[in-house]
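Heads up, the thing below is written out as structure tokens.
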Amino acid sequence: MALEDPDEVYYIYDLAIYTAPADRSRAIDRYAKSARFEAQSDERRMLEAMRASQFAILMVERRHDTVGLIATDILRNSKVWLIDVGLEHSMDSGQLFATRLLTVETFSMTAGVNVPFEIDMLEPICMMLPRRVADSKLSQVADDRRFAEAVYKVGLADGVMDRLAYVEPG
Numbered sequence: 749m750a751l752e753d754p755d756e757v758y759y760i761y762d763l764a765i766y767t768a769p770a771d772r773s774r775a776i777d778r779y780a781k782s783a784r785f786e787a788q789s790d791e792r793r794m795l796e797a798m799r800a801s802q803f804a805i806l807m808v809e810r811r812h813d814t815v816g817l818i819a820t821d822i823l824r825n826s827k828v829w830l831i832d833v834g835l836e837h838s839m840d841s842g843q844l845f846a847t848r849l850l851t852v853e854t855f856s857m858t859a860g861v862n863v864p865f866e867i868d869m870l871e872p873i874c875m876m877l878p879r880r881v882a883d884s885k886l887s888q889v890a891d892d893r894r895f896a897e898a899v900y901k902v903g904l905a906d907g908v909m910d911r912l913a914y915v916e917p918g
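In this note's numbering, the protein residues as written are 749 to 918.
Structure (structure tokens):
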């Protein structure tokens with residue numbers, strides 16, 4: 749993956765931490781083996797949320813009554829309560845974006861990287877995936893490590909990232 753902007757390194761970090769080829773372990777799992785956190789500590793709960801993270805394409809439905817957004821994970825057809833104040837102030841209903849979700853109890857948060865998503869990105873993304881993956885159910889495609897990489901590559905190559913702007917709350 750060639751990078752034109754130093755901030756794009758965060759996509760590589762995401763892939764390095766949360767994904768690995770089938771014959772290798774993920775960095776987050778190797779860290780979990782060595783980490784010594786109390787069973788019910790916040791640190792352990794967050795580490796387990798990171799280990800169970802899911803790559804998702806979300807469609808913003810509306811603002812949550814308290815904080816954050818209600819979105820639909822369109823690959824799994826499930827609702828998500830996303831707590832991210834920056835995204836709450838930056839995204840409108842109907843907008844799509846791809847991200848890695850960390851879910852703790854009833855709410856989710858992003859793992860740090862987001863890609864504005866457009867439906868016409870699906871064809872080049874699917875072309876980058878092995879046929880057996882591309883022909884799978886959407887939820888299985890999302891769980892394949894190569895899907896996130898393909899989304900990042902297409903998003904960066906198409907200049908989608910150039911249109912990403914965060915609005916500071918307040």
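Think of the CB as a built atom: it goes at the ideal place given N, C-alpha and C, for glycine as much as any other residue.
query: From D868, Q788 and I760, pick the residue whose C-alpha is nearest to that of A775; which is it?
result: Taking the first residue of the sequence shown as position 1, residue 775 is located at position 27. Residue nearest to A775 within the set D868, Q788 and I760 is I760 (criterion: CA-CA distance).
Opposing strand residues paired with Q802 [DSSP bridges]: Within the sequence shown, the letter at position 54 stands for residue 802. Q802 is bridged to L849.
- prompt: Does DSSP put V815 in a helix, a strand or coil?
  reply: Sequence index remark: in the sequence shown, residue 815 carries index 67 (1-based). For V815, the secondary structure class from DSSP, reduced to helix, strand or coil, is coil.
field: Length of the line joining the Cα atoms of I873 and D771
entry: On the sequence shown, residue 873 is found 125 positions in, with the first residue counted as 1. On the sequence shown, residue 771 is found 23 positions in, with the first residue counted as 1. Approximately 23 Å between the Cα atoms of the pair.
query: Helix or strand or just coil, what does DSSP make of F895?
result: If you number the sequence shown from 1, residue 895 lands on position 147. If DSSP states are grouped into helix, strand and coil, F895 belongs with the helices.
Where S773 falls: helix, strand or coil (DSSP): Counted from its first residue, the sequence shown places residue 773 at position 25. DSSP places S773 in coil when its eight states are reduced to three.
Alpha-carbon spacing of V889 relative to L877, whole angstroms: As a first step, residue 889 is located in the sequence shown; it is residue number 141 there, counting from the start. As a first step, residue 877 is located in the sequence shown; it is residue number 129 there, counting from the start. Cα to Cα, V889 sits roughly 9 Å from L877.
- request: Give the C-beta separation of A804 and L835 to the nearest angstrom, bearing in mind that I take them to be a contact with Cβ-Cβ under 8 Å.
  value: Counting from one through the sequence shown, the residue named residue 804 turns up at place 56. Counting from one through the sequence shown, the residue named residue 835 turns up at place 87. Actually they are not in contact, since the Cβ atoms of A804 and L835 sit about 13 Å apart, beyond 8 Å.
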